[in-house]
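Asks: Protein chains in written order, with the working numbering: chain B, 44 to 255; chain Y, 44 to 255.
Note that the Cβ used here is the ideal one computed from N, Cα and C, for glycine as well.
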């Protein structure tokens, strides 16, 4: 299947592109972060949020990713949304519709006040309003958690949308052609079995959405 | 947010784990493949399918990923499904429900008959039955496409499911706790604007599903 992608590369591609990139990043919840250890790549999924012109990656303080950042490994971080299956009249032109962003750079481990602030930003970016409803993190919790800051300096986006782009010679084919759209749907919030009686589902979860 | 993961590592963990891993892989459409170039990691999203005990990664013959494999870079490939947002009574225990598989290894570029066969496998794994409905790929199309085989020897899976796992001391909190489930929903197949009159939507697309 062909890679019918419109590639947009930053830096210095103007506000429109940066807004599109931010939109893609803000819709995600989990990124795939790649690092290098002993000349080998390792990719892992991890929670992240975008905050201004940086990503904040969330992880366990003892994870391989965090160790690699501490040891100076550069990072490559990918976020992808699959929007549909493009069913063309040939295998070659069949494809997927998607929006993806890849960020490269040197991660920085946050500490102290900066880290505590970032943890609030992560919670409040994932669930706006949530920080006010929960207790503060303890010193031990903060110690067990790592936050990696990755600036959005070196970032590129690829987007494919729309229907199949078939060869003119294939248009008389008997094969069906089109797109199967995919959507991520957030369902109704399911209360925990041990939730105290009389606590209503908060407004920020009904409905929950990663789209603006 | 905490990493509440049950880690299952292969090889030799028995059929049950391998079946679970296959299930996770079969539900996906796009993986994040990481390679190393000049000591730096690069991650890119790309279409893949599982076929037996290997992944088949699909790409353009001129892509950086394909060049890296040709140059001997090892690969790390991640596939992740986000099943929900775990809303705990603390930031620390808040998390995501997910199923993810990571595969490590040396990719092998397929060629000749093996490659042509693999292209059929890719099409028919993405859309079972489709190969019979479309024309054969041309020699030029096959040349422009690369198929990377990656064996499932070195593979691990992480799964988090269920509700929040709060500290006992937090259970009396006034904060709501539970899970917001996420589902990927395939919509109705949308015919191409240039689809010839009278070609019905094929059965294999109504409905389309990546789940067995």
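Against chain Y, with Cβ distances strictly below 8 Å, would residue 192 of chain B count as a contact?
Replies: As a position in the first chain, residue 192 of chain B is number 149, starting the count at 1. No - not a single Cβ of chain Y is within 8 Å of the one on residue 192 of chain B.
Asks: Pick helix, strand or coil for residue 250 of chain Y, following the three-state DSSP scheme.
Replies: Counted from its first residue, the second chain places residue 250 of chain Y at position 207. Judged by DSSP in its simplified three-state form, residue 250 of chain Y adopts coil rather than helix or strand.
Asks: Taking a cut of 9 Å between CB atoms, which residues from the stretch 153 to 172 of chain B lie near chain Y?
Replies: Correct list: 162, 163, 165, 166, 169 and 170.
Asks: Does any CB atom of chain B fall closer than 8 Å to the CB of residue 121 of chain Y?
Replies: Residue 121 of chain Y sits at position 78 when you count from the first residue of the second chain. At least one chain B Cβ lies under 8 Å of residue 121 of chain Y.
Asks: Suppose contacts are defined by Cβ-Cβ distances below 8 Å. Is residue 67 of chain Y in contact with residue 144 of chain Y by that definition?
Replies: Looking up residue 67 of chain Y in the second chain gives position 24. Looking up residue 144 of chain Y in the second chain gives position 101. Their beta carbons are under 8 Å apart, which means residue 67 of chain Y touches residue 144 of chain Y by this criterion.
Asks: Return the CA-CA distance between residue 217 of chain B and residue 246 of chain Y, expressed in angstroms with no decimal places.
Replies: The residue labelled residue 217 of chain B in the question sits at position 174 within the first chain. The residue labelled residue 246 of chain Y in the question sits at position 203 within the second chain. Rounded to whole angstroms, residue 217 of chain B to residue 246 of chain Y spans 15 Å at the Cα level.
Asks: Give me the DSSP bridge partner(s) of residue 148 of chain Y.
Replies: Translated into the one-based positions of the second chain, residue 148 of chain Y becomes position 105. For residue 148 of chain Y, which the question treats as bridged, DSSP gives the partners Y/118.
Asks: How would you write the range of the beta strand (DSSP E) that residue 103 of chain Y sits in, first residue to last?
Replies: Against the second chain, residue 103 of chain Y aligns to sequence position 60. Segment 97 to 103, the beta strand (DSSP E) holding residue 103 of chain Y.
Asks: Find the residues of chain Y that neighbour residue 234 of chain B, judging by a C-beta separation of less than 8 Å, and give them in chain order.
Replies: Taking the first residue of the first chain as 1, we reach residue 234 of chain B at position 191. Those are 219, 220 and 221, listed as they occur along chain Y.
Asks: Pull the bridge partners of residue 203 of chain Y from the DSSP assignment, please.
Replies: Sequence index remark: in the second chain, residue 203 of chain Y carries index 160 (1-based). In DSSP, residue 203 of chain Y forms a bridge with Y/141.
Asks: Hey, would you say residue 136 of chain B sits closer than 8 Å to residue 207 of chain B, going by beta carbons?
Replies: Counting from 1 along the first chain, the entry for residue 136 of chain B is found at position 93. Counting from 1 along the first chain, the entry for residue 207 of chain B is found at position 164. Against a cut-off of 8 Å, the Cβ pair of residue 207 of chain B and residue 136 of chain B comes out as a contact.
Asks: Does residue 229 of chain B come within less than 8 Å of chain Y when only Cβ atoms are used?
Replies: Stepping through the first chain from its first residue, residue 229 of chain B is reached at position 186. Yes, its Cβ sits closer than 8 Å to a Cβ of chain Y.
Asks: If the cut-off is 8 Å on Cβ atoms, which residues from the stretch 133 to 150 of chain Y count as contacting chain B, listed in chain order?
Replies: 133, 134, 135, 137, 138, 139, 141, 143, 145 and 147
Asks: Is it the case that the Cβ atoms of residue 161 of chain B and residue 190 of chain B are separated by a distance below 8 Å?
Replies: Against the first chain, residue 161 of chain B aligns to sequence position 118. Against the first chain, residue 190 of chain B aligns to sequence position 147. Contact: yes.
Asks: Counting only Cβ pairs nearer than 8 Å, list the residues of chain Y close to residue 107 of chain B.
Replies: Here the question's residue 107 of chain B lines up with position 64 in the first chain. Correct list: empty, because the minimum Cβ distance to chain Y is about 11 Å.
Asks: Using CA atoms only, rank isn't needed, just tell me which of Y/214, Y/228, Y/234 and Y/74 is closest to residue 219 of chain B.
Replies: The residue labelled residue 219 of chain B in the question sits at position 176 within the first chain. The closest CA to that of residue 219 of chain B, considering only Y/214, Y/228, Y/234 and Y/74, is found on Y/234.
Asks: Could you tell me the alpha carbon to alpha carbon distance between residue 121 of chain Y and residue 78 of chain Y, rounded to whole angstroms?
Replies: Start at 1 with the first residue of the second chain, and residue 121 of chain Y comes out as number 78. Start at 1 with the first residue of the second chain, and residue 78 of chain Y comes out as number 35. Between residue 121 of chain Y and residue 78 of chain Y, the C-alpha separation is close to 12 Å.
Asks: Note down the Cα distance separating residue 128 of chain B from residue 81 of chain B, rounded to an integer number of angstroms.
Replies: Working through the first chain from its first residue, we reach residue 128 of chain B at position 85. Working through the first chain from its first residue, we reach residue 81 of chain B at position 38. Using only the alpha carbons, I get a separation of about 37 Å.
Asks: Distance cutoff 8 Å, beta carbons only. Does residue 75 of chain Y sit that close to anything in chain B?
Replies: Position 32 of the second chain holds residue 75 of chain Y. Taking Cβ atoms only, chain B reaches closer than 8 Å to residue 75 of chain Y, which makes this a yes.
Asks: In three-state DSSP terms, what is residue 224 of chain B?
Replies: Position 181 of the first chain, counted from the first residue, corresponds to residue 224 of chain B. Note: residue 224 of chain B maps to strand in three-state DSSP.
Asks: Would you say residue 198 of chain B faces chain Y, with C-beta separation under 8 Å as the test?
Replies: In the first chain, residue 198 of chain B corresponds to position 155, counting from 1. Not closer than 8 Å to any Cβ of chain Y, the Cβ of residue 198 of chain B fails to qualify, so no.
Asks: On a Cα-Cα basis, can you pick out the residue from Y/83, Y/61 and Y/157 that is closest to residue 96 of chain Y?
Replies: Translated into positions along the second chain, residue 96 of chain Y becomes position 53. When each option's Cα is compared against that of residue 96 of chain Y, the closest is Y/61.
Asks: For residue 249 of chain B, collect the residues of the same chain with a Cβ closer than 8 Å to its Cβ; drop the 5 residues on either side in sequence, then sort them by chain order.
Replies: Taking the first residue of the first chain as position 1, residue 249 of chain B is located at position 206. Excluding residues within five positions, the ones whose Cβ falls inside 8 Å are 231 and 232.
Asks: Under a Cβ-count criterion, where at least 16 other Cβ atoms within 10 Å of its own Cβ denotes burial, should residue 200 of chain B be classed as buried or exposed?
Replies: In the first chain, residue 200 of chain B corresponds to position 157, counting from 1. The residue is buried, with at least 16 neighbouring Cβ atoms inside 10 Å.
Asks: Is residue 80 of chain Y helix, strand or coil by DSSP?
Replies: Here residue 80 of chain Y refers to the residue found at position 37 of the second chain. Of the three classes helix, strand and coil, the one that applies to residue 80 of chain Y here is strand, per DSSP.
Asks: Among the candidates B/158, B/172, B/193 and B/176, whose CA atom is the shortest distance from the CA of residue 182 of chain B?
Replies: Working through the first chain from its first residue, we reach residue 182 of chain B at position 139. The shortest C-alpha separation from residue 182 of chain B is found at B/158.
Asks: Would you mind working out which of Y/150, Y/83 and Y/76 sits nearest residue 193 of chain Y, comparing C-alpha positions?
Replies: Here residue 193 of chain Y corresponds to residue number 150 of the second chain, with the count starting at 1. Per the Cα distances, Y/150.
Asks: For chain B, check one thing: does any of its Cβ atoms lie closer than 8 Å to the Cβ of residue 78 of chain Y?
Replies: Indexing the second chain from 1 puts residue 78 of chain Y at position 35. At least one chain B Cβ lies under 8 Å of residue 78 of chain Y.
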